[in-house]
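A quick write-up on the structure given underneath.
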Amino acid sequence: MDCSVSISGAAIITGAFHEDKDINGANTVSNAGSVYFNTYNGNWNTQQKVAAVVRSGGDQFGYYVSINGDYAIIGATTDKEDENGANPVTDAGAAYIFKRNTLTGIWEQQQKLVATDREEGDWFGYTVAINNTYAVVTALYEDHDANGNNPFEAAGSAYIFERSGTVWTQIQK
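First residue of the sequence shown: 1, per this note's numbering; consecutive thereafter.
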C-alpha cells in the first residue's frame, strides 16, 4: 500500500498508487495504481480491488482517495488522457468517481474527471474529497487564477464538481 486512506461508516478505501497489477493480479503496467475497498463485518476484510477502466503506466491511480457513503473519488496525479481517454497531456492528472452498486455492493467507475483548463504538469488529483453532491479536486502545480489569468508558478488550485443524477460537472475553480 502507499499513502492515502479514507473511512466512511464500515468502509475503508486505501490507495496503492505504485501498484503494477490489474484487479486480477495480472497485466503488469508500471505504477498504474489501484485502490482497495475494505469492509467491516466483525473483522476488516478486503471487499474489492479497483483500477481505472483504462490503465496507463505512471498514472498513479490511488495517489489520494476519499470515500463518503456510496461514493468514492480517487486521484491519479500523473494521468495523461482526458475524460474520453484521448488528447494526452503529460502529468495533467485526473480523478475518478466510483459509486457502490446498492444491490450488489460492488464499486463501479462512474466518471473520469479532468480540469477544464488542464495543462502539462498540473498534478490534478493531488488531494480529493467527496460527499453525495460535491467533489473537490486539487491540482498541486496548477498556475493560473479562476479566469486563466495572473500566472503564479505552482500556486495550485482547487476545482469543485457538482453531481446531477449520474453526471459530475466542474462548477468552480
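Think of the CB as a built atom: it goes at the ideal place given N, C-alpha and C, for glycine as much as any other residue. None of the values given here were measured: they were computed from a predicted structure.
Which residues bound the beta strand (DSSP E) around residue i?
i, result
"N45", "W44 to V50"
"T169", "V167 to Q172"
"V136", "Y134 to A139"
Give a yes or no on whether the C-beta atoms belonging to residue i and residue j are separated by under 8 Å.
i, j, result
"Y96", "I73", "yes"
"Y134", "I160", "yes"
"N31", "Q60", "yes"
"K112", "E153", "no"
"F51", "I13", "A small fix is needed here, since residue 51 is Ala in this sequence, not Phe. Not closer than 8 Å, so no."
"V128", "V53", "no"
"A92", "A76", "no"
"G62", "V35", "yes"
"T78", "W107", "no"
Could you tell me the distance, in whole angstroms, from the CA atom of residue i to the CA atom of residue j?
i, j, result
"A16", "A146", "31 Å"
"Q110", "F98", "5 Å"
"G121", "V89", "8 Å"
"G125", "A139", "6 Å"
Please name the residue in the options whose C-alpha comes closest to that of residue i.
i, options, result
"T46", "A11, D20 and K21", "A11"
"G105", "K49, S6, W168 and S34", "K49"
"S164", "N132, D143 and G148", "N132"
"N87", "N27, Y63, T116 and E162", "T116"
"T166", "Y71, E19 and D20", "Y71"
Once you ignore the five residues that flank residue i on each side, which residues in its own chain have a CB closer than 8 Å to its CB?
i, result
"G57", "V29, S30, N31 and A32"
"G148", "D117"
Cutting at 7 Å between CB atoms, please list the residues of its own chain near residue i, excluding the five before and the five after it.
i, result
"G85", "V54"
Taking 6 Å as the limit between beta carbons, can you name the residues of its chain near residue i, skipping five residues before and five after?
i, result
"S4", "G15, Y64 and V65"
At the 8 Å Cβ level, is residue i part of the contact set with chain B, yes or no?
i, result
"W168", "The chain inventory of the structure shown lacks chain B, comprising one protein chain alone."
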